[in-house]
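Peer 1: The structure follows.
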Amino acid sequence: MKHTISALVENKSGVLARIAGLFSARGFNIDSLAVGETQDTAISRMTIVVRGDDAVLEQVCKQLNKLVDVIKVQDFAGKDFVDRELILLKVSTDGKTRHEVLQIVEIFRAKIIDIKAKSMTIEATGSDSKVDAIIDMLRPFGIKELARTGKIAIARG
Amino acid sequence: MKGAEILIESFRKEKVDVVFGYPGGSVLDIFDIIYKSGLRFILTRHEQGAAHAADGYARATGKTGVCIATSGPGATNLVTGIATAYMDSVPMVAITGQVPTRMIGNDAFQEADITGITRPITKHNYLVKDIDELPRILKEAFYIASTGRPGPVLVDIPKDIQNASTDNKYPDSVEMRGYKPNYEGHIQQIKKAAEMIMAAQRPVIYAGGGVIISNGSEELAKLAGKAGIPVTTTLLGLGSFPSTDDLSLGMLGMHGTKYANLAVQDTDLLIAVGARFDDRVTGKVSEFAPHAKVIHIDIDPTSIRKNVNVDIPVVGDVKKVLAELIKNIKKCDTQPWLNKIGRWKKEYPLSYGKGGLKPQFVIEKIYELTKGDAIITTEVGQNQMWAAQFYKYTRPRTFISSGGLGTMGYGLPAAMGAQAGCPGKLVFDIAGDGSIQMNIQELTTCVLNKLPVKIIILNNGCLGMVRQWQELFYGGRYSSTILNAKGPDGEKGITFCEENRCHPYLPDFIKLAGAFGAEGVRISKDSEVVPALKKAIESDKTYIIECIVDPEENVFPMVPAGASLNEMIESMA
Ligand SMILES: Cc1ncc(C[n+]2csc(CCOP(=O)(O)OP(=O)(O)O)c2C)c(N)n1
Chain C
1 MKHTISALVE NKSGVLARIA GLFSARGFNI DSLAVGETQD TAISRMTIVV
51 RGDDAVLEQV CKQLNKLVDV IKVQDFAGKD FVDRELILLK VSTDGKTRHE
101 VLQIVEIFRA KIIDIKAKSM TIEATGSDSK VDAIIDMLRP FGIKELARTG
151 KIAIARG
Chain F
158 MKGAEILIES FRKEKVDVVF GYPGGSVLDI FDIIYKSGLR FILTRHEQGA
208 AHAADGYARA TGKTGVCIAT SGPGATNLVT GIATAYMDSV PMVAITGQVP
258 TRMIGNDAFQ EADITGITRP ITKHNYLVKD IDELPRILKE AFYIASTGRP
308 GPVLVDIPKD IQNASTDNKY PDSVEMRGYK PNYEGHIQQI KKAAEMIMAA
358 QRPVIYAGGG VIISNGSEEL AKLAGKAGIP VTTTLLGLGS FPSTDDLSLG
408 MLGMHGTKYA NLAVQDTDLL IAVGARFDDR VTGKVSEFAP HAKVIHIDID
458 PTSIRKNVNV DIPVVGDVKK VLAELIKNIK KCDTQPWLNK IGRWKKEYPL
508 SYGKGGLKPQ FVIEKIYELT KGDAIITTEV GQNQMWAAQF YKYTRPRTFI
558 SSGGLGTMGY GLPAAMGAQA GCPGKLVFDI AGDGSIQMNI QELTTCVLNK
608 LPVKIIILNN GCLGMVRQWQ ELFYGGRYSS TILNAKGPDG EKGITFCEEN
658 RCHPYLPDFI KLAGAFGAEG VRISKDSEVV PALKKAIESD KTYIIECIVD
708 PEENVFPMVP AGASLNEMIE SMA
């Protein structure tokens, strides 16, 4: 099952390697990982999306918690939370397809941030299902490049 | 103060009375301060020896062991010792030199990314990049190593940091948001556990190394006595409960006693205390203690429900939780259960056959002569299991062995460290002829530092434990397990010189003892054992007793890997 794990960690070198090590030692591939400072600049939040056996991931979360540089860990699986991801996507366009692409952009409330004769660069944010949907819709036109931030998440309330 | 001075100051403040290590280019500044400081420093002959010695010192004394090595190869030589300490939760601070800060990452001479290498085998580690942080980091290192579930902490100090100065003082306390060990067990959980214990018909306590680490042996004995609960221990739990007590079941697991394993398979309540359900203990985990509810007391939340399901977890310090538990328990009557166990004990005692000098016999004699008052370290293999089975441990910190990692070559340097920490004690290393060769160079360290360790080499001419598996599970094909000079002979079997006193063995351990400045004697008959042991015990020298033992003796009972604890092999027949 897919888990979204949020960890508050000391904003220090080496922390990322320690956290990544707990997953890589088990041969888990991290789907996405996003890191940034929190309201307290000495603390970073890492949001990790990973697929794996529930019991194994429970153990991983406990072990994350045990790391000296980790302050708090939450697994959002089954919890009430909001999540977002931002993508930048360069899609091939020409006179014929431009209009259709613009329509898709509008439906998904995405934004055009650059436009050239043969391509358009689009910025979109949303939950993973929304982001996946816009990528799917644009794929037939030819995606030249795609960059995703990885998911960030926060508990509701 | 300079970085190197701050380090030595931290040793003084943390009451470190001995440090083990080895010098080199990146730690010259530290060694220069050591030279002037009057600190007791023991120069080992290999950095691995230094790490194991610090570990043995820590296990014998309960204090934090400290070792120092230079950058690159010095640091990588510590790795096995650090991993050994990590697996067995031993408090250790390892200090390594590092190339100067500006050269890090450039493949400088003797550079190794030792914090990267040791990340998965340390409780925590630090690369010091700023001299102002050094005092705090050292304080944290000692604190982290020795609190909660202890473990090794490595501090990597670049050469320029050792020479840089700061006004920051060594702090008296630490404040870490991410590290706050919890010692107090949840009182509600403890009360529930007490109820469950009083309701049980056939309870068993399964005690691990955590009891010894938390100094909780007295509480364990009180609980067992009050509630009438028999106690089995893990390998590292030996000594946490007196094996001479009527309630003792000895060790459980792969080479546990038959009665301990039968009791665990029959129990209706397993109380795990400072133990972690290792696969060498549980055998096939789905068939482990099939009728039991489980109470698990451990300071480390990640130990709980890692391998088995637990009905009542109590996270906290074993000593504190047990003390609280005792208060909540009334005297229980478990006599019918104890009677049943008594019958098993009579029916299935640990035993061994006749024929030549038996290693088990040697260990029994060591017990008889020391009355259980020695510190026993072991190497790994059959020697380790026989030392666990046939010596009766009655006090904590008297059995010192690499349980989790199973490191051959651990015993001698660990004995050396234990002896350095407990000068008045008799310290034995029970060794195999294979393992002892892995850190034999530390004989020099023992001799020069007047550490009169007694080394009992159970010389079976082979890598006995591996050979045993080959005999049982690989059709007797002794692939690369025969160490004697002649090597394997034909399809199966070992050829030994008819007259064991000639030298079918290489090396000649007695000559080796002489070369290192130690005493040595070779024996091969039952009648020689006690006199040789007496002489060694009376001697103030480092001493080797090489016992030429039955080459194909096996460790029984044995639960094959992956089998359930009911499926014990009891002999070759
Ligand atoms: C460093 C290391 N290498 C390999 C092993 C695998 N191993 C486990 S027991 C054993 C044989 C040990 O032989 P010896 O020291 O002679 O002891 P015996 O079993 O004969 O008592 C080996 C090779 C190990 N535990 N540690």
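Top line first, the protein sequences correspond to chains C and F.
Under the working numbering, the final residue of the first sequence carries the number 157; numbering is consecutive throughout.
Under the working numbering, the final residue of the second sequence carries the number 730; numbering is consecutive throughout.
From the three backbone atoms N, C-alpha and C, an ideal C-beta is built for every residue, glycine too.
Given that Arg18(C) touches chain F, what residues does it touch there, using C-beta distances under 8 angstroms?
Peer 2: Within 8 angstroms Cβ-Cβ: Arg276.
Peer 1: Please report the distance separating the alpha-carbon of Gln103(C) from that of Gly142(C).
Peer 2: Their Cα atoms are separated by approximately 16 angstroms.
Peer 1: If we count the other Cβ atoms within 10 Å of its Cβ and call it buried at 16 or more, is Phe630(F) buried or exposed?
Peer 2: Exposed: under 16 other Cβ atoms inside 10 Å.
Peer 1: So is the beta-carbon of Cys619(F) under 7 angstroms away from any non-hydrogen atom of ligand 3?
Peer 2: This structure simply doesn't include ligand 3; it includes ligand 1 instead.
Peer 1: Is there a C-beta anywhere in chain C that falls below 8 angstroms from the one on Tyr336(F)?
Peer 2: At least one chain C Cβ lies under 8 angstroms of Tyr336(F).
Peer 1: Considering Gly126(C), what are the terminal residues of the beta strand (DSSP E) in which it resides?
Peer 2: Ser119 to Gly126 is the span of the beta strand (DSSP E), which, as asked, contains Gly126(C).
Peer 1: What I want to know is whether the C-beta of Val9(C) ends up closer than 7 angstroms to one or more non-hydrogen atoms of ligand 1.
Peer 2: No - ligand 1 has no heavy atom lying nearer than 7 angstroms to the Cβ of Val9(C).
Peer 1: Tell me the DSSP secondary structure of Ile702(F) in three-state form.
Peer 2: Residue state, collapsed to three classes: strand.
Peer 1: Helix, strand or coil for Glu145(C)? Go by DSSP, reduced to three states.
Peer 2: Here Glu145(C) sits in strand by DSSP.
Peer 1: Does chain C have any CB closer than 8 angstroms to the CB of Glu655(F)?
Peer 2: Its pLDDT being 47, under 50, Glu655(F) is placed unreliably in this model, and the coordinates cannot settle the point.
Peer 1: Please state whether the Cβ-Cβ distance between Leu620(F) and Gly538(F) is less than 8 angstroms.
Peer 2: The answer is yes: Cβ separation under 8 angstroms.
Peer 1: For Gly647(F) and Thr218(F), what's the separation of their Cα atoms in angstroms?
Peer 2: Summary for Gly647(F): the model assigns pLDDT 43, below 50, so the residue's position carries little reliability, and this model does not support an answer.
Peer 1: With burial defined as no fewer than 16 other Cβ atoms inside 10 Å of the residue's Cβ, what is the status of Asn657(F): buried or exposed?
Peer 2: With a pLDDT of 45 at Asn657(F), under the threshold of 50, the modelled position of this residue cannot be trusted; read the value that follows with caution. Classification for Asn657(F): buried.
Peer 1: Which chain C residues are close to Met333(F), counting only those with a beta carbon under 7 angstroms from its beta carbon?
Peer 2: By Cβ distance, chain C contributes Val68.
Peer 1: Taking Cβ-Cβ distances shorter than 7 angstroms, what residues in chain C pair up with Ile301(F)?
Peer 2: The contacting residues are Val68.
Peer 1: Near Phe177(F), what residues of its chain come up, given a Cβ to Cβ distance below 6 angstroms and the 5 sequence neighbours on each side ignored?
Peer 2: Excluding residues within five positions, the ones whose Cβ falls inside 6 angstroms are Ile199, Thr201, Ala207, Ala210, Ala211 and Cys224.
Peer 1: Could you tell me the distance, in whole angstroms, from the CA atom of Lys476(F) to the CA atom of Arg634(F)?
Peer 2: The straight-line gap from Cα to Cα measures roughly 48 angstroms.
Peer 1: What are the complete beta strand (DSSP E) segments, minimum 3 residues, inside the region 332-399 of chain F?
Peer 2: Qualifying beta strand (DSSP E) stretches, in chain order: 360-364 and 388-390.
Peer 1: Measuring straight from C-alpha to C-alpha, what distance separates Glu536(F) and Gly589(F)?
Peer 2: Looking at the two C-alpha atoms, the distance is approximately 7 angstroms.
Peer 1: Beta-carbon of Gly21(C) versus every beta-carbon of chain F: anything under 8 angstroms?
Peer 2: At least one chain F Cβ lies under 8 angstroms of Gly21(C).
Peer 1: I want to verify the contact list: residues of chain B whose CB lies under 8 angstroms from the CB of Lys296(F), in sequence order.
Peer 2: Here the protein chains are C and F, and chain B is not one of them.
Peer 1: List in chain order: all unbroken beta strand (DSSP E) runs of 3+ residues lying wholly within the region 243-270 of chain F.
Peer 2: Taking only runs of at least 3 residues, the beta strand (DSSP E) segments lying wholly in the region 243-270 of chain F are 249-255.
Peer 1: Where do the N-terminal and C-terminal ends of the beta strand (DSSP E) with Leu200(F) fall, by residue?
Peer 2: That run of the beta strand (DSSP E) goes Phe198 to Leu200.
Peer 1: Could you give the residue range of the alpha helix (DSSP H) that holds Thr601(F)?
Peer 2: Glu599 to Leu605 is the span of the alpha helix (DSSP H), which, as asked, contains Thr601(F).
Peer 1: Excluding five sequence neighbours on each side, which residues of the same chain lie with their C-beta closer than 6 angstroms to the C-beta of Gly563(F)?
Peer 2: Closer than 6 angstroms at Cβ, skipping near neighbours: Val537.
Peer 1: At a Cβ threshold of 8 angstroms, is Lys463(F) touching chain C?
Peer 2: It does: the Cβ of Lys463(F) has a partner Cβ on chain C nearer than 8 angstroms.
Peer 1: Around the Cβ of Thr38(C), are there at least 16 other Cβ atoms within 10 angstroms (buried) or fewer (exposed)?
Peer 2: Exposed.
Peer 1: Do Glu710(F) and Phe666(F) come within 8 angstroms of each other at the CB atom, strictly closer than that value?
Peer 2: It is not a contact, given that the beta carbons lie outside the stated cut-off.
Peer 1: Report all residues from its chain with a CB closer than 7 angstroms to the CB of Asp683(F); omit the five preceding and five following residues, and keep chain order.
Peer 2: Counting only Cβ-Cβ distances below 7 angstroms, and skipping sequence neighbours, we find Leu514 and Phe518.
Peer 1: Using the C-alpha atoms, what's the distance from Ile301(F) back to Leu284(F)?
Peer 2: Taking the straight line from one Cα to the other gives about 15 angstroms.
Peer 1: Is the Cβ of Thr272(F) closer than 8 angstroms to any Cβ of chain C?
Peer 2: For Thr272(F), the answer is yes, since a Cβ of chain C falls inside 8 angstroms of its Cβ.
Peer 1: Could you say which of Arg156(C), Met137(C), Val15(C) and Asp94(C) lies nearest to Met120(C) if we only look at CA atoms?
Peer 2: Closest option to Met120(C), Cα to Cα, is Asp94(C).
Peer 1: Taking the alpha helix (DSSP H) that Thr38(C) falls in, what are its first and last residues?
Peer 2: Neither: Thr38(C) is in no alpha helix (DSSP H) and is coded neither H nor E.
Peer 1: Is the shortest distance between the beta-carbon of Glu10(C) and the beta-carbons of chain F less than 8 angstroms?
Peer 2: Cβ-Cβ to chain F under 8 angstroms: yes for Glu10(C).
Peer 1: Answer yes or no: does any C-beta atom of chain C fall closer than 8 angstroms to that of His281(F)?
Peer 2: Judged by the 8 angstroms Cβ criterion, His281(F) is in contact with chain C.
Peer 1: Going straight from the alpha carbon of Thr149(C) to that of Leu89(C), what length do you get?
Peer 2: Spanning the two alpha carbons is a distance of roughly 12 angstroms.
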